[in-house]
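> The opening position of the sequence shown corresponds to residue 57 in the numbering used here, with each subsequent residue numbered one higher. We treat Cβ as the ideally placed atom computed from N, Cα and C, and that holds for glycine.
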Amino acid sequence: MRQRWPIWCWPTWWRILPAGNCHQRWFDRVLRTKAWFVSYGLLGLTQNGLVPVLMPLVAPSGSAAGLTYAAFSLLGLLAPVLGTWADYTGRHRDLLICGTIGAGLLLLPFAWVSEPLRIVLAAGAGLGAMAATTAGNVLAIQGAAEAEWDTRVALLQRYVSAGQVIGLVGAGVLAQGHPARGFVAAGLVLLAAGALAIGSAPARAARSADAKPPPRPMMGGDAGVTGPHHRGHHVSWEELRAYLSVINQPLRRFLIVWLIAYPAMNGFATLFPVAMTHEFGMDPILPSGAYAIGVGASLLLYAPIGAATHRMGGTRTLMLGIAARLMLLVAVALTTLLGGGWVGWAILVGFALIQFVWPLLAVGANSLSVRLAPAARGESVGLFNAATSLAAAVGSALAGVVFGAAGFAGLTVVTLVFVAAALVLMLVWLGTRAQQSG
């Protein structure tokens, strides 16, 4: 007689686990092996949800807000060192665990210390968050066929965005009267992420000390050069410069484009809650809610965009994302020139749509960071994360200056100018490559 399964096991788990205890097999095959994806959801809740809203709002001035958030992003420049060390040792799991736990411990006392010490805590927490972020793409593709990479990276991004939605809603609620509790919540959530990673993240990959990725032909005519791997955990800045020398031309151009576009986009997003509350007199829950709605709706796009990126390439996906954001920024800039009480609400809708198209940029950029240097994937992912950290730090600081001098309208115009420049460079530098690969 066929065994009767609990209702929550039927019919999916009955089909794939026809024998044995359903509860135990589900725990062994799902919770103990897949829960680390939830760790990245919790990381997104804090790094992309609570912190970007609460950290600028609790600062005593606009310059302090920009400086503190810049410190949170700046130490991510060490991502190439961390990525190379993890790529050589196979200890990406350790980066995830130590990064989340360390960042959580540093955020717990954030609201009760002086401003100079806040900058130090923000820098340390940012380093921990970026260490965990650096390991994400590699953990996602570990043990998977190359044809599945884009889909798995898209799945990882979906977890991050799901956490971000929850974090943004929570930040909007907490910012109205209890911002200190938000940092306590962020610290506890990151500690929980570390605990989940301890129990479920993929184990250290076994590899020889002399093992190197085999060189493969690079698309676009450039020959892949095997990236150096080191026999120890200490990486000097001279060695880091050597890594930069092995990065091929398409990857260098992609990083330049990213360093032009992302500072403007990140600075715009960082100052948006401040602009809406100070310039338009809105409650913090409204810009946080618009942010959350845009990100939440974008979750529907990750799976189809991941599949489409596998067919048409990361370059075209990224260009579509930059073009979509440029058109939306033009619409927001024109709206700021108009008068009336509806302007602020129209800007909220525009900002939500700007976040809605983010999967095009996230999946396209992550795909390029892995694929443009197949002989040095660890270094290329680390360099991409370092470029993102540098861009976020510069963008946050400069956005505060621009907002103080020209207001939200000026900030929007400057942002769209930089995004337009990045799109032009992509069309000139990488457009031919995308046509050839298509």
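1) Closest to L424 by CA distance: which of I312, G395, A179 is it?
2) Tell me whether F166 sits in a helix, a strand or coil according to DSSP, three-state version.
3) On the CB-based measure, 16 or more other CB atoms within 10 Å of its CB, does L393 come out buried or exposed?
4) Quick one: measure Cβ to Cβ for V245 and L101, integer angstroms, because I've assumed they're closer than 8 Å.
5) From the DSSP output, in three-state form, read off P360 for me.
6) Quick check: the Cα distance between L99 and A476, rounded to an integer number of angstroms?
7) So, with DSSP's three-state summary, where would you put G460?
8) Apart from the five residues on each side of it in sequence, which residues of its chain come closer than 8 Å, Cβ to Cβ, to L483?
9) Under the assumption that G420 contacts T391 (Cβ atoms under 8 Å), give the Cβ distance between them as a whole number of angstroms.
10) Alpha carbons only, please: which of A418, H366, G362 is nearest the one belonging to R5?
11) Can you say whether A201 is buried or exposed, counting buried as having 16 or more other CB atoms within 10 angstroms of its CB?
12) Could you work out which residue in G323, L224, L195 is closest to A447 when comparing CA atoms only?
13) Alpha carbon to alpha carbon, what distance is there between F336 and L131?
14) For G369, does the count of other Cβ atoms within 10 angstroms reach 16, so buried, or fall short, so exposed?
15) Whole-angstrom Cβ separation of L195 and A257, contact assumed at under 8 Å?
16) Assuming A25 contacts L138 (C-beta within less than 8 Å), just tell me the rounded distance between them.
17) So, for G463: in the same chain, excluding its five sequence neighbours on each side, which residues have a beta-carbon less than 7 Å away from its beta-carbon?
18) Taking only the alpha-carbon atoms, compute the straight-line gap between V457 and V469 and give it to the nearest angstrom.
19) Straight-line CA distance for R208 to N304?
20) Considering Cα atoms alone, identify which of V388, R174, G105 is closest to A120.
Once the coordinates are examined:
1) If you number the sequence shown from 1, residue 424 lands on position 368. With distances taken between Cα atoms, L424 lies closest to I312.
2) Locating residue 166 in the sequence shown gives position 110, where the first residue counts as 1. Reduced to three states, the DSSP call for F166 is helix.
3) The residue labelled residue 393 in the question sits at position 337 within the sequence shown. The residue is exposed, with fewer than 16 neighbouring Cβ atoms inside 10 Å.
4) As a first step, residue 245 is located in the sequence shown; it is residue number 189 there, counting from the start. As a first step, residue 101 is located in the sequence shown; it is residue number 45 there, counting from the start. Their Cβ separation, rounded to whole angstroms, is 6 Å, which keeps V245 and L101 in contact under 8 Å.
5) Within the sequence shown, residue 360 is the residue found at index 304, counting from 1. DSSP places P360 in helix when its eight states are reduced to three.
6) Stepping through the sequence shown from its first residue, residue 99 is reached at position 43. Stepping through the sequence shown from its first residue, residue 476 is reached at position 420. Spanning the two alpha carbons is a distance of roughly 31 Å.
7) One-based indexing of the sequence shown puts residue 460 at position 404. In this structure, G460 counts as helix in the three-state DSSP scheme.
8) Position 427 of the sequence shown, counted from the first residue, corresponds to residue 483. Taken in chain order, the residues that qualify are M375.
9) As a working note, residue 420 is residue 364 in the sequence shown. As a working note, residue 391 is residue 335 in the sequence shown. Rounded, the Cβ-Cβ distance is 27 Å, inconsistent with contact.
10) What the structure shows of the chain is the stretch from 57 to 494, and residue 5 is not part of that stretch, so it cannot be assessed.
11) As a position in the sequence shown, residue 201 is number 145, starting the count at 1. A201 should be labelled exposed.
12) Numbered from its first residue, the sequence shown carries residue 447 at position 391. Ranking G323, L224, L195 by Cα distance to A447 puts G323 first.
13) On the sequence shown, residue 131 is found 75 positions in, with the first residue counted as 1. On the sequence shown, residue 336 is found 280 positions in, with the first residue counted as 1. Computed Cα separation, rounded: 33 Å.
14) Reading the sequence shown from its first residue, position 313 is the one you call residue 369. By the neighbour-count rule (16 or more Cβ atoms within 10 Å), G369 is buried.
15) Along the sequence shown, one-based indexing puts residue 195 at 139. Along the sequence shown, one-based indexing puts residue 257 at 201. Going by Cβ atoms, the distance from L195 to A257 rounds to 7 Å, so yes, they are a contact pair.
16) Since the first and last residues shown for the chain are 57 and 494, residue 25 lies out of range.
17) Start at 1 with the first residue of the sequence shown, and residue 463 comes out as number 407. Hits under 7 Å: E335.
18) Taking the first residue of the sequence shown as 1, we reach residue 457 at position 401. Taking the first residue of the sequence shown as 1, we reach residue 469 at position 413. Looking at the two C-alpha atoms, the distance is approximately 14 Å.
19) Mapped onto the sequence shown, residue 208 falls at position 152. Mapped onto the sequence shown, residue 304 falls at position 248. Taking the straight line from one Cα to the other gives about 25 Å.
20) Counting from one through the sequence shown, the residue named residue 120 turns up at place 64. Checked all of V388, R174, G105; the closest Cα to A120 is R174.
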